[in-house]
Amino acid sequence: MISSPTENIGLGAFYAIATALVMSIAAALIKYTATLITIEIIVAVQYAICVVFMLPWLLQKGLRGVKTDKLGLHIIRALCGWACFYTYYLAIAHVPLVEAALLRNAAPLCVPFFVLIIHKVSFAWVRWIPIAIGFLGIGLILKPDGNSLNIWHLVGFGSAITLAGSIITTRMLTRTEPTNRVLFYYFALSAVASLPLALLNWQPIPAKALLPMALIGLSIWLTMWLYTQAYVYAKASIISPLSYTGVVFAGFWGWYFWDQIPDWLSFAGVVLVVGGGIGSVVLGSQADKRHALSSNLVNKQPH
Numbered sequence: 001m002i003s004s005p006t007e008n009i010g011l012g013a014f015y016a017i018a019t020a021l022v023m024s025i026a027a028a029l030i031k032y033t034a035t036l037i038t039i040e041i042i043v044a045v046q047y048a049i050c051v052v053f054m055l056p057w058l059l060q061k062g063l064r065g066v067k068t069d070k071l072g073l074h075i076i077r078a079l080c081g082w083a084c085f086y087t088y089y090l091a092i093a094h095v096p097l098v099e100a101a102l103l104r105n106a107a108p109l110c111v112p113f114f115v116l117i118i119h120k121v122s123f124a125w126v127r128w129i130p131i132a133i134g135f136l137g138i139g140l141i142l143k144p145d146g147n148s149l150n151i152w153h154l155v156g157f158g159s160a161i162t163l164a165g166s167i168i169t170t171r172m173l174t175r176t177e178p179t180n181r182v183l184f185y186y187f188a189l190s191a192v193a194s195l196p197l198a199l200l201n202w203q204p205i206p207a208k209a210l211l212p213m214a215l216i217g218l219s220i221w222l223t224m225w226l227y228t229q230a231y232v233y234a235k236a237s238i239i240s241p242l243s244y245t246g247v248v249f250a251g252f253w254g255w256y257f258w259d260q261i262p263d264w265l266s267f268a269g270v271v272l273v274v275g276g277g278i279g280s281v282v283l284g285s286q287a288d289k290r291h292a293l294s295s296n297l298v299n300k301q302p303h
């Protein structure tokens, strides 16, 4: 197999784990800041800060940098990403940090459903096995006995569904669109989408919330940059499983700052979701390799 000129699995893995760590720090900051200010304001300020970070690129490229014939897809991608963060932050404010992080990281289990609907691509039955295992884990986290299930667990799972939509549309966009253009439209459109809810839920921002809100915005921008760099140096089959280290980091912050320790059902759910998610990514990667090999063999046949 011939590697791409930029392929560096070690560096890609480093960026992937750094992405998960920074995102978990942002999640901990959000859980704290949500006790001081509304989630709607946090989301709006976050995206406003990210737009500010994109201004140097915009000033350098000018209007030609934002010219696109994929505006509709940019809007869908931005709304999916915005809804992902909004539902994730709402869940963080109301459920243990590790459970919110795990539910968001169930996105790989939802991706095949989007592929099936959007691209009309069917999968071999074996690929549904890890997905079923992962959803069994989600069921355990949602507490089938009903003792501690609340609406915020379902909201947290909504972040996985919308993240899956964001993943699919981002892949579609990056085939023809440069990374900075995708990020600019995402941040700018999400900032616009955040504004009405922020105004409806406006309250004075206390001074002690200013620093954590600034750090949240910086963390999200850095997360997106690290995430992009990870995919420059390594394939999705390497990066996606490593994203689950974020659940471990979130579990540590939840224990250290809030004394949150998962019960045995939640712990079992974490194991099943992580195992199912990694299995889904690995089987998907193997299927892609077989498809690519088959296509190469067909193309090499004399015509």
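Residue numbers (the UniProt record's numbering): 1 to 303.
Glycine included, every Cβ here is placed at the ideal spot set by N, Cα and C.
Here the structure is a predicted model, which means the values were calculated and not measured.
Check	Outcome
Hey, out of Ala107, Phe187, Thr38 and Thr162, whose CA is closest to valine 247's CA?	Ala107
Does DSSP classify proline 302 as helix, strand or coil?	Because proline 302 carries a pLDDT of 45, less than 50, the predicted location of this residue cannot be relied on, and the following value inherits that uncertainty. If DSSP states are grouped into helix, strand and coil, proline 302 belongs with coil.
Which residue comes first and which comes last in the alpha helix (DSSP H) that contains glutamine 229?	207–233
Mind the definition here: the stretch 147–166 touches the stretch 90–105 only if three or more C-beta pairs lie below 8 Å; say whether that holds.	yes
Can you check which of these residues, Val115, Tyr89 and Leu79, is closest to leucine 103 by C-alpha distance?	Tyr89
List the whole-angstrom C-beta distance separating threonine 38 from glutamine 203, where the pair is believed to meet the contact cut-off of C-beta under 8 Å.	6 Å
Would the beta-carbon of residue 363 fall within 9 Å of that of cysteine 80?	Residue numbering for the chain in the displayed model covers 1 to 303; residue 363 lies beyond these limits and cannot be assessed.
Using 8 Å for Cβ pairs, my map puts serine 190 next to tyrosine 47. What's the rounded Cβ distance?	5 Å
Measuring alpha carbon to alpha carbon, tell me which residue in Trp125, Leu55, Asn105 and Ala209 is nearest alanine 20.	Asn105
When DSSP labels each residue in this structure, what does serine 3 get in the three-state scheme?	Because the pLDDT of serine 3 is 46, which lies under 50, any placement of that residue in the model is unreliable, and the number read from its coordinates should be weighed accordingly. In the structure shown, serine 3 sits in coil (DSSP, three-state: anything other than H, G, I, E or B).
Less than 9 Å between the C-beta atoms of residue 309 and valine 45, yes or no?	Because residue 309 is not part of the residues shown, which for the chain are 1 to 303, the question remains open.
Determine the contact status of glycine 165 and glycine 276, defining contact as a CB-CB distance below 9 Å.	no
Leaving aside the five residues before and after proline 178 along the sequence, list all residues of the same chain whose C-beta is less than 6 Å from its C-beta, in chain order.	none
Closest by CA to histidine 119, which one among Asp259, Thr169 and Thr174?	Thr169
Can you tell me where the alpha helix (DSSP H) with threonine 179 in it begins and where it stops?	179–200
Give me the residue from Ala78, Leu36, Ala28 and Thr33 with the minimum Cα distance to phenylalanine 187.	Ala78
Excluding sequence positions up to five away, which residues of its chain have a Cβ less than 7 Å from the Cβ of methionine 172?	Leu73
If you draw a straight line from the C-alpha of isoleucine 30 to the C-alpha of glutamate 40, how long is it?	11 Å
When you compare only the Cα positions, how much space is there between valine 273 and serine 24?	18 Å
For tyrosine 233 and leucine 11, which I take to be in contact (beta-carbon distance under 8 Å), what is that distance rounded to the nearest angstrom?	5 Å
Helix, strand or coil: which one does DSSP assign to glutamine 60?	helix
Taking the alpha carbon of alanine 101 as the point to measure from, which residue in Arg127, Lys61, Ala160 and Ile133 has its own alpha carbon closest?	Ala160
Pick out whichever of Met54, Ile129 and Asn201 has its Cα sitting closest to the Cα of glycine 279.	Ile129
Would you please state the rounded distance, in angstroms, between the beta carbons of serine 240 and valine 281? I believe it to be under 8 Å.	4 Å
Is it buried or exposed for valine 182, if we count other Cβ within 10 angstroms and need 16 for buried?	buried
Taking the alpha-carbon positions, what's the phenylalanine 85 to valine 43 distance?	8 Å
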